[in-house]
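What follows is one structure encoded as structure tokens, with my remarks underneath.
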Amino acid sequence: MKDLATANLDHMTPAQFEEYLPELFEAGGGKISEDPRFTNFFKANPDCAALVSDLETIAEHARSLFDPTHDPSDSVWSNIASKLKDEPPPHKES
Amino acid sequence: MQTKPNPGFFKRNPPIAGEAEAIERAKNGDADAFAKLYALHKRRVYTLCLRMLGNVSEAEDMTQDAFLHLFRKLGSFRGESAFSTWLHRLTVNLVLMHLRKKGLQLVSLEETINPSEDDAPKRDFGSRDTMLAGSVDRVTLERAVASLPPGYRMVFVLHDVEGFEHNEIATMLECSTGNSKSQLHKARLKLRELLRQQQDLPPVEGLKEVAR
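Heads up: the protein sequence lines correspond to chains A and B, in order.
With this note's numbering, the residue at position 52 of the first sequence is 54, and numbering never jumps.
With this note's numbering, the residue at position 46 of the second sequence is 55, and numbering never jumps.
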């Protein structure tokens, strides 16, 4: 992975841009697709703009998976409850 | 001495009404209070196990183990992070231990859980005529995530879904933070590929929606 501070943003190749992407996404602070530093680059490289837009869509939708919608079967709790009968009470740390 | 909680931990995991009281009662061995903690957290723990393991039976076994482990460890919970964050970290560690026992070596992410050439994302930018915005929904993304190679799926679920930081993932997976970042990027590229061919995605075992 490369450090964006050393990059020449207006004269990158698409391959070079992709090398910076993990750091760019990690840096956060807004959408890369709306970052004015890349306006010229995206105009010249619409495939890179499409890639960034898709990756932003994926990251956004991933957050929607955080809310769980799936339940374990009832037997899971039955097994836990039955095993807890043999367990000593939780050890309290001071 | 009680450590002051870090408010940052509570952004995605706000305290749940009645949870703090249930924790204290469960620490004193109150079975009903522990049942309440199970009821409050079973969905998220199970869904996390299912996403990481991709198998209903294993996910149910790990959910069971996670809550039994929780019962034994509850006394050490001091409220320094949100309870659910703490429980999820405990669950992730158990799942990873389970995977290691099964022979999936997670010690070196690059060498051992990197996918084969076929599974790796293709090194091209793809056509821009089929952009994903508007064509991705929760169910489709869930199916695509389930189709990811295990190493990619693990990092994607931990970072993009569960909200763990790369340094935490690196500790859990025993790899470098750079490695975690690079795996995440490859996972997203692979997901893009899968989502562009979403008609080929298989259904996901056990991910049936519950009534809300």
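Note that the Cβ used here is the ideal one computed from N, Cα and C, for glycine as well.
Contacts around residue i, its chain only, beta-carbon distance under 7 Å, and the 5 residues preceding and following it disregarded
| i | result |
| --- | --- |
| Glu28(B) | Leu49, Phe92 |
| Gln192(B) | Leu118, Gly160, Tyr161, Val164 |
For residue i, the nearest candidate out of the options (CA to CA)
| i | options | result |
| --- | --- | --- |
| Phe43(A) | Ala9(A), Trp79(A), Ile82(A), Thr59(A) | Ala9(A) |
| Lys190(B) | Tyr161(B), Leu210(B), Val101(B) | Tyr161(B) |
| Ile82(A) | Leu46(B), Asn176(B), Asp146(B), Thr186(B) | Leu46(B) |
| Thr100(B) | Lys36(B), Asp70(B), Ala196(B), Arg87(B) | Asp70(B) |
| Arg81(B) | Phe68(A), Val78(A), Lys85(A), Asp76(A) | Lys85(A) |
| Leu96(B) | Leu83(B), Leu105(B), Leu108(B) | Leu83(B) |
| Leu204(B) | Leu150(B), Met106(B), Ala26(B) | Leu150(B) |
| Arg87(B) | Gly143(B), Phe173(B), Ile32(B), Val170(B) | Ile32(B) |
Span separating the alpha-carbon of residue i from that of residue j
| i | j | result |
| --- | --- | --- |
| Thr180(B) | Ser85(B) | 20 Å |
| Leu167(B) | Lys36(B) | 28 Å |
| Leu57(B) | Ala64(A) | 13 Å |
| His72(A) | Arg52(B) | 6 Å |
| Met14(A) | Phe76(B) | 51 Å |
| Gln207(B) | Arg34(B) | 47 Å |
| Lys199(B) | Glu89(A) | 44 Å |
| Leu210(B) | Thr94(B) | 31 Å |
| Ala153(B) | Pro91(A) | 42 Å |
| Val54(A) | Arg147(B) | 20 Å |
| Ala51(A) | Leu11(A) | 14 Å |
| Arg60(B) | Gln73(B) | 16 Å |
| Ile34(A) | Phe40(A) | 8 Å |
| Pro70(A) | Ala155(B) | 15 Å |
| Lys87(A) | Ala26(B) | 27 Å |
| Pro74(A) | Pro38(A) | 47 Å |
| Lys110(B) | Lys45(A) | 50 Å |
| Ser66(B) | Ser77(A) | 11 Å |
| Leu107(A) | Val145(B) | For residue 107(A) there is no data in the structure shown, the boundaries of chain A being 3 and 96. |
| Gly38(B) | Val170(B) | 33 Å |
| Glu89(B) | His78(B) | 19 Å |
| Asn188(B) | Gly112(B) | 21 Å |
| Glu21(A) | Gly143(B) | 27 Å |
| Thr121(B) | Ala68(B) | Residue confidence for Thr121(B) is low, a pLDDT of 41 falling below 50, so the modelled location carries little weight and cannot support an answer. |
Pair within 9 Å by beta-carbon distance, residue i and residue j
| i | j | result |
| --- | --- | --- |
| Gly63(B) | Pro159(B) | yes |
| Asn47(A) | Pro24(A) | no |
| Leu157(B) | Leu105(B) | no |
| Ala44(B) | Trp79(A) | yes |
| Arg98(B) | Glu177(B) | yes |
| His175(B) | Thr186(B) | yes |
| Glu30(B) | Ala42(B) | yes |
| Thr59(A) | Leu108(B) | no |
Bounding residues of the alpha helix (DSSP H) (the contiguous stretch that carries residue i)
| i | result |
| --- | --- |
| Gln208(B) | Segment: none, Gln208(B) is in no alpha helix (DSSP H) and carries neither H nor E. |
| Ile82(A) | 76-86 |
| Asn102(B) | 92-110 |
| Pro159(B) | 159-165 |
| Cys184(B) | No alpha helix (DSSP H) holds Cys184(B); DSSP gives it neither H nor E. |
| Met14(A) | Taken as a continuous stretch (DSSP letters only), Met14(A) belongs to no alpha helix (DSSP H), as it is neither H nor E. |
| Ile25(B) | Premise fails: Ile25(B) is in no alpha helix (DSSP H) and is neither H nor E. |
| Ala155(B) | 147-155 |
| Phe44(A) | 41-46 |
| Glu69(B) | 65-82 |
Same chain, Cβ closer than 8 Å to residue i, five either side skipped, listed in chain order
| i | result |
| --- | --- |
| Asn102(B) | Met181 |
| Phe19(A) | Phe43, Asn47, Cys50 |
| Pro24(B) | Ala91, Phe92 |
| Phe27(A) | Ile34, Leu57, Ala61 |
Contact set for residue i: own chain, Cβ-Cβ below 6 Å, skip 5 residues either direction
| i | result |
| --- | --- |
| Val54(B) | Thr72, Ala75, Thr100 |
| Glu36(A) | none |
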